[in-house]
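Asker:
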Amino acid sequence: GVGDWVLRESEFELWRDGLDGSVNPTLLCYGGQGVGKTYISSLVIDSLYERTRGRNIAVLSLYCDYQAQKAQTAVNMIGGLLRQVAVRATEIPGEIRSAFQESRREGGNSLLLPEMLRLFIKIISSFERVFLC
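Take any residue in the sequence shown, note its place counting from 1, add 289, and you have its number in this note's numbering.
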């Protein structure tokens, strides 16, 4: 289909399989408004989900919207990623479960960015590999 060419590119395959030699590999999708960045990103994410199903690999995604910049705070974005990775984890560490339960009791917004980052790093360390899209 449209955009499938990206998934067949050798550069993409090397990146996906961790064979590009990078310590912190990054695949960047950029371009002007309306050129298909979101569509291509969705293809990549779907492809990663399919390839990693049943494995100890997390595929996390984050879409930003130019129209909703005020809602796209670091706390909201890291919180969204933390929720995604918690859902995919085979076991949620007690410390993370407790932090979320306490946050919920206090109205849902009590976790500060440093604490969210610490919890996020802790939970992703339990995965063999993490794709952040």
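Note that CB positions come from ideal geometry on N, CA and C, so glycine has one too.
Small disclaimer: the values here were computed from a predicted structure and weren't measured.
(1) Given L337, which residues of its chain have a CB within under 6 Å of its CB, disregarding the five upstream and five downstream residues?
(2) Suppose you measure from the CA of A363 to the CA of F409; what does that come to, to the nearest Å?
(3) If you scan the segment 292-321 from start to end, which runs of the alpha helix (DSSP H) of 4 or more residues do you find wholly inside it?
(4) Mind listing, in chain order, the continuous alpha helix (DSSP H) runs of no fewer than 4 residues lying wholly within the segment 347-399?
(5) Please classify L236 as buried or exposed, where buried requires at least 16 other C-beta atoms within 10 Å of its C-beta.
(6) Is the separation between the beta-carbon of G325 and that of G292 shorter than 8 Å?
(7) Leaving out five residues before and five after I412 in sequence, what residues of the same chain have Cβ atoms less than 8 Å from its Cβ?
(8) Alpha carbons only, please: which of C318, G323 and E298 is nearest the one belonging to D309?
(9) At what residues does the beta strand (DSSP E) containing R418 begin and finish?
Answerer: Taking the definition as stated:
(1) Taken in chain order, the residues that qualify are V348 and F420.
(2) 13 Å
(3) 293-297 and 299-305
(4) Here the runs fully enclosed are 363-377 and 383-394.
(5) What is shown of the chain runs 290 to 422, which leaves residue 236 out entirely.
(6) yes
(7) So the qualifying residues of the chain are L371, V374, A375, A378, I381, P382 and I385.
(8) With distances taken between CA atoms, D309 lies nearest to E298 out of C318, G323 and E298.
(9) Per DSSP, the unbroken beta strand (DSSP E) holding R418 starts and ends at R418 to L421.
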